[in-house]
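Engineer: Residue numbers (this note's numbering), protein chains in the order written: chain A, 1010 to 1511; chain B, 160 to 470; chain C, -12 to 274. Even glycine gets a Cβ: it sits at the ideal position worked out from N, Cα and C. Got a structure for you, questions after.
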Amino acid sequence: MASLLLVVGAGSCTQDAAVLRIANGADPAILDPQLATGLADARILSALFEGLTRLDALTLQPIPGLAESWESSRQSRRWVFHLRKEAKWSNGRTITADDILQSWRRLQNPSTGAPYASWLNDAAFTASESTLQIDFPHSAWNFAEQCAWPALAPIPSELREGQVSALAFGAIASGPYRLAFRRLRDRVRLERNPHYWNTTSTQIASIDFFTVESDTTALNLFLAGEVDYSPRVPPLAVSALKAKHPNSFATTPQFATCFLRFQTQDSTLKDPFLRQALSLAIDPIALIQVLGAGCRPASRFVPPDLHDYDASCGLKTKRQTFDPEAALVALKQSNYRPEEAQPLAFLFPSSPRNRILAEFLQDQWRRNLGVEVKLANQEWKTFLTAQRGLEYQISRSSWVGDYLAPETFLDIFQSQNGNNRTGWQSQAFDQLLQLARDATDSQMRLDLLTQAEDLLLQEHIILPLYHDESLELISPRLKGMHQNLRGWIDWSALHFSEASHD
Amino acid sequence: MTRPKSSPFLRRLGAFLLTLLVVHAASFFLLHAARGGPFDAERQLSPEVEQALLAQYHLDEPVHQQYLRALQDLVFHFDLGPSLRYRGTDVSTLLAQSAPVSLALGASALVIALVFGIPLGLWAALRRNQWPDRGLGILTSIFLALPNFVLAGLAISLFSFSLGLLPPAGASSALHYILPAFCLGLPCAAQLARLTRTTTLETLHCPAVQAARARGVHGLPLLSRHVLQRALIPVLAFLGPAAAGILTGSLVLEQVFALPGMGAHFVQAALNRDYTLALGATLLYTAVLGLTTLLADWGISRFDPRAEALS
Amino acid sequence: MQRRTSISAKISLATLFIVALLALLGPYLPIQDPAAFHPEQSLQAPAWLQQPVLGTDAYGRDLLARTIWGARVSLLVGLLGTLVALLVGVPYGAISGFLGGRTDRIMMRLADTMESVPMVAFVLFLLSILQEYRSEMAALGIGRLHLLFFAVGLLFWLPTARVARSEALRLRDTAFSQAATAVGSSPIRTLKKHILPHLAAPVIVMLGLTLPRVILMEAFLSFLGLGVEAPNVSWGSLASEGLASMNPLIAGHWLFLVPAAALATTLLALHTLGDHLRDRFEKSRRL
């Protein structure tokens, strides 16, 4: 048996001090920046593929990456980027404007299957030696920020032309690290990229991203000293962590919302009074108590982290509140009679936390309205199919913003958007968003977006439940991690301090 | 009996290949009865992107055509197709990476089962109704009654949390395999110990052994020359079911201990519509089970004097 | 030996009786609502002699109540799953054994083949696919639990079929069934009058041996997330929840230990009783 174990052990490496070990989450499907969506994948990809811009880990403002500088004109319809001359791939080849152009063409090509293809919809680009010009038919206010997202980073010609096997994606990289090896379901090992333009600032020699799906396992690995950083913690362990490991635990708001979708074409739920009653019957404070850490109360769909937008909303805001009496009144006005009707159905993706959420909602609706709700959970993909096909009445949903602007949230409820999934089609809403997109004045744009969000909430198409907070464990010896709204890590700023123990 | 000697073996081999084909077809059609596509994600793909993907994986063809294509690739090229989740990665690559982990785990568990189960079973039989027998009876009952994830929970809290001896999860070193291998192997060892005890007791009473005893053969020579050979035949026959049990157990334990084995891949693939990976893993499982059974049968025919007499 | 077995068998029987009684009386016992949230009482350790007797979970739900309700589901799935296994296995084995000859060979070859196939894989496929057709099935009145009975039945009918066959083979050759055939009784009548009734004893033994395996399988499926659904709980789902939240920081080990102990005790009792029944049966056969 010992020999068998050795065979297995031989493929892995010893832990040394120069390796940063991260309990990353689900196994990435592929390390192709144009195909990834999840935050866990993006974390690895942001270390491998640098875009024209990067984000400042403190302010989340775009700062120079592969591009030295850039400017926008014509209400952000035209963008011009100036490439860094010393920018190289990890094999020593220079990164050219043509590399970027070709990569973006690949992103646009439907056969690539890129989920972020729509970001470059209808965009036209031209490249000279080291400048790149992009023209949009509409305003692209946040394009410099979007350029920091791995999906818009250039990918090397070998990858574009399919010359490397999928497991070797990332071996030729533009970021501070390159792929050393990958063992599926176990880890992705990165090593310092010697040709990175800013390589002198990269201090940690290698990074191990471990596949750890359960957050309790991540916690246990951290406590056993097997990992240095875990971006997730079981919410229930938070109070104990705060008491026993105050130097390791960190939490910060995230640009994300958990909400309920109501299926508005359903014969029962098309009744706005019923949706109103259901919305008013949920006590958000009790919800947060039940779920424990990791969430903050939500009164709107867009998280309250955009100062200009919040200021604009603040003037004429319509807040969701908990009001059981008003909920009962609304229920009376509706056509739904809980005593006679079939129970409603609540659909959610399988997970312990979602199950708790579902049981809480069931309890609230029963207690505050006398409405019976049946719970059904499904595996993630099955759930998505059901939601897309409108085969549900009420379902649990969440959305994470892709850039710091309200559009990343509001866009999904346009009539033709594939992420709408409520059956709600409102011309007024679509028009408001279109007007905001064409707006020339930034305050006007924000006003229009506020109106759109108010409309969404007043019609009770969705019920915002909470905005997420990150719960992270960071070994005290790891320095240079900055908490921010998007979980963005500046890899070159990380380093280990000499001595310190938790 | 007039046929050549290899014919039963060839027949079994034929049956085995036929089984693989049937398993392939059954899983294929079952998996394709799933609703919706494998490329559904929170951020929905645009229709043309999704269409392109479906075409790339031939998922836009009628099911029977897809089946024939899959069968052809399998039979002529030994190709299980690309995984739908791990885009661009072939199922065979995935299995080649993860199967060694599962095999090492399963084989370690089997070794643990044999190393603990057989000697303890023998010991209990020889000390029938004395304390080793009774103690073992209680112990085996307990291990048989504990689901292996319960055993895993107890082991983690004792060896990882309280004693800090072994890591609670992961696959970075050989140390990481100790807990899962024991959690997988011990219930099997309990079954084996019981089986060995019963068959040894029966063997001790059979005429050949009684005769040897009468001739004055005792102790180790009796055990090794007369008892073990007979007593081990049912144990060999048990290898097939044991492999099946270990397989089932590994599905759970690889999740508990976050091991990058086939079981973890398979469960996720089955739950999340990675048709090709789920199918490939099922085929490999069938092959491993079938080969174990064949091997056990061959072993029985070698050791069993009755089987020899027949052929 | 004889004495020891009977004492442990008696203890097992008493244990099972108590568990079954608790499960049956669950709705009438003075226990809390197993699904009610009490966030203010979260994670209280077992108080043994006062409330909460077995502690509460992270959401303040009473673990005693949840364990008793879990017993209902676990035992129900166990019994009905075993019943399915018997209903499929016994006729299959009896027919195969009674008819003998070519039919027997084909039927047994089929059983052999199925034994060498990882049925667990198919059960996983089946359960996860049928989950997608839940609304259609709900319309037919088929729920998640029904699927579970069916699925575990599918896994365990084979051993039952084998036992039933060997008994049927034995009975077919006994004097009275041959006599019955000789006086012109039809095969179906012989099967009904002379074979099926005599299968009762071995089938009860089989039931005793299959029941714990079915309960274990339910726990296994619940662990993988294909078992019972909220707000239903079973011992398996409770134990896997407890395991999933187990860490060295927050005391909550009872969430895992209580349902695990309930599961293990019941399985232990069932195993002991099953073995005892088998021993008695084999002894009576030898006489």
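Along chain C, which residues have their Cβ under 8 Å away from the Cβ of LEU1228(A)?
Structural biologist: Residues of chain C passing the Cβ test: ASN234, LEU236.
Engineer: Applying the criterion that 16 or more other CB atoms from any shown protein chain within 10 Å of the CB defines a buried residue, is PHE237(B) buried or exposed?
Structural biologist: Counting Cβ neighbours within 10 Å, PHE237(B) comes out exposed, since fewer than 16 surround it.
Engineer: Quick check on the burial criterion: 16 or more other C-beta atoms within 10 angstroms. Buried or exposed for ALA333(B)?
Structural biologist: Classification of ALA333(B): buried, given that the 10 Å Cβ count is 16 or more.
Engineer: Pick out whichever of GLY323(B), ALA314(B), PHE416(B) has its Cα sitting closest to the Cα of ALA1233(A).
Structural biologist: Of GLY323(B), ALA314(B), PHE416(B), the residue nearest in Cα terms is GLY323(B).
Engineer: Assuming ASP1217(A) is part of the beta strand (DSSP E), what are its boundary residues?
Structural biologist: 1215 to 1220 is the extent of the beta strand (DSSP E) around ASP1217(A).
Engineer: In terms of alpha-carbon separation, which member of PHE1058(A), ARG1364(A), LEU1188(A), ALA1252(A) lies closest to SER224(C)?
Structural biologist: Ranking the options by Cα distance to SER224(C), first place goes to ARG1364(A).
Engineer: From ARG286(B) to ASP292(B), what distance separates their C-alpha atoms?
Structural biologist: Answer to the nearest angstrom: the Cα atoms are 6 Å apart.
Engineer: Taking Cβ positions, are PRO1071(A) and LEU1054(A) nearer each other than 8 Å?
Structural biologist: Going by C-beta atoms, PRO1071(A) is not nearer than 8 Å to LEU1054(A).
Engineer: Thinking GLN1263(A) and ARG1169(A) are a contact (beta carbons under 8 Å), I'd like their distance in whole angstroms, please.
Structural biologist: That belief does not hold up - the Cβ atoms of GLN1263(A) and ARG1169(A) are roughly 33 Å apart, past 8 Å.
Engineer: Report the rounded CA-to-CA distance for SER1021(A) versus ILE1498(A), giving the unit in angstroms.
Structural biologist: Bear in mind that the predicted position of SER1021(A) carries a pLDDT of just 40, short of 50, making it unreliable; the figure below should be weighed with that in mind. Near 26 Å, if we compare the C-alpha coordinates of ILE1498(A) and SER1021(A).
Engineer: Nearest to THR445(B) by CA position, among THR178(B), PRO167(B), ALA367(B), TYR245(B), is which residue?
Structural biologist: For the residues THR178(B), PRO167(B), ALA367(B), TYR245(B), the minimum Cα distance to THR445(B) belongs to THR178(B).
Engineer: Please tell me whether LYS1253(A) has its Cβ less than 8 Å away from any Cβ of chain C.
Structural biologist: At least one chain C Cβ lies under 8 Å of LYS1253(A).
Engineer: Quick one: what's ASP249(B) bridged to in DSSP?
Structural biologist: Answer by DSSP bridge pairing, in chain order: PRO241(B).
Engineer: Taking a contact to mean a Cβ-Cβ separation below 8 Å, would you say ARG171(B) touches LEU418(B) in this structure?
Structural biologist: Cβ distance not < 8 Å, so ARG171(B) and LEU418(B) don't count as in contact.
Engineer: Is the Cβ of ARG1241(A) closer than 8 Å to any Cβ of chain B?
Structural biologist: So no, ARG1241(A) is outside the interface.
Engineer: May I have the straight-line CA-CA distance separating ALA7(C) from HIS185(C), to the nearest angstrom?
Structural biologist: If I take the Cα positions, the gap works out to 28 Å.
Engineer: Take LEU410(B) and list the residues in its own chain whose beta-carbon comes closer than 6 Å to its own, dropping the five residues that flank it on each side.
Structural biologist: Closer than 6 Å at the Cβ level, and outside the excluded window around LEU410(B), lie GLY422, VAL426.
Engineer: Does the Cβ of LEU1029(A) have 16 or more other Cβ atoms within 10 Å, making it buried, or fewer, making it exposed?
Structural biologist: Buried: at least 16 other Cβ atoms inside 10 Å.
Engineer: Quick check on PRO346(B) - is its C-beta less than 8 Å from some C-beta in chain A?
Structural biologist: False, the Cβ-Cβ gap to chain A never drops below 8 Å.
Engineer: Quick check on DSSP: helix, strand or coil for THR358(B)?
Structural biologist: Residue state, collapsed to three classes: helix.
Engineer: Just checking: is the beta-carbon of LEU230(C) within a distance shorter than 8 Å of some beta-carbon in chain B?
Structural biologist: Output row for LEU230(C): interface = yes.
Engineer: Would you say ALA125(C) faces chain B, with C-beta separation under 8 Å as the test?
Structural biologist: Not an interface residue.
Engineer: Is ALA226(C) near ALA247(C), with beta carbons less than 8 Å apart?
Structural biologist: Yes, the Cβ-Cβ distance between ALA226(C) and ALA247(C) is below 8 Å.
Engineer: Among THR1273(A), THR1417(A), ASN1493(A), which has the Cα closest to the Cα of TRP1433(A)?
Structural biologist: Selected option, being the one with the closest Cα: THR1273(A).
Engineer: Establish whether the CB of ILE1039(A) and some CB of chain B are separated by less than 8 Å.
Structural biologist: Yes - at least one Cβ of chain B is within 8 Å of the one on ILE1039(A).
Engineer: Any idea which residues DSSP pairs ARG1196(A) with across the strands?
Structural biologist: Its beta-bridge partners are ARG1192(A), PHE1219(A).
Engineer: Can you grab the Cα-Cα spacing for the pair ILE459(B) / ALA1051(A), in whole Å?
Structural biologist: Going by the C-alpha atoms only, they are around 55 Å apart.
Engineer: I think ALA390(B) touches ILE271(B), with their Cβ atoms under 8 Å apart; what is that distance to the nearest whole Å?
Structural biologist: With a Cβ gap of about 20 Å, ALA390(B) and ILE271(B) do not count as contacting.
Engineer: Do you know how far the Cα of ARG1495(A) is from the Cα of LEU196(C)?
Structural biologist: Distance between the alpha carbons of LEU196(C) and ARG1495(A) is about 55 Å.
Engineer: Against chain C, with Cβ distances strictly below 8 Å, would PHE1369(A) count as a contact?
Structural biologist: Interface residue, yes.
Engineer: Give the list of continuous beta strand (DSSP E) stretches no shorter than 3 residues that lie fully inside the region 1256 to 1336 of chain A.
Structural biologist: As far as the region 1256 to 1336 of chain A is concerned, its whole beta strand (DSSP E) runs of at least 3 residues are 1258 to 1271, 1304 to 1306.
Engineer: Of all the CB atoms in chain C, is at least one closer than 8 Å to the CB of CYS1022(A)?
Structural biologist: Unreliable positioning characterises CYS1022(A) in this predicted model, as indicated by a pLDDT of 41, which lies under 50. The coordinate reading is nonetheless provided below. So no, CYS1022(A) is outside the interface.
Engineer: Between THR357(B) and chain C, is there a C-beta pair that is closer than 8 Å?
Structural biologist: So, not an interface residue.
Engineer: Listed in chain order, which residues of the region 1380 to 1391 of chain A have Cβ atoms closer than 8 Å to some Cβ of chain C?
Structural biologist: So the list reads LEU1384, ALA1385, ASN1386, GLN1387, GLU1388, THR1391, given in the order they occur along the chain.
Engineer: Assess, as a yes-or-no matter, whether the region 1419 to 1431 of chain A is touched by the region 1451 to 1468 of chain A under the definition of 3 or more beta carbon pairs within less than 8 Å.
Structural biologist: Result yes; three or more Cβ-Cβ pairs closer than 8 Å.
Engineer: Is it right to say TYR15(C) is buried, meaning 16 or more other beta carbons lie within 10 angstroms of its own, or is it exposed?
Structural biologist: That one is exposed.
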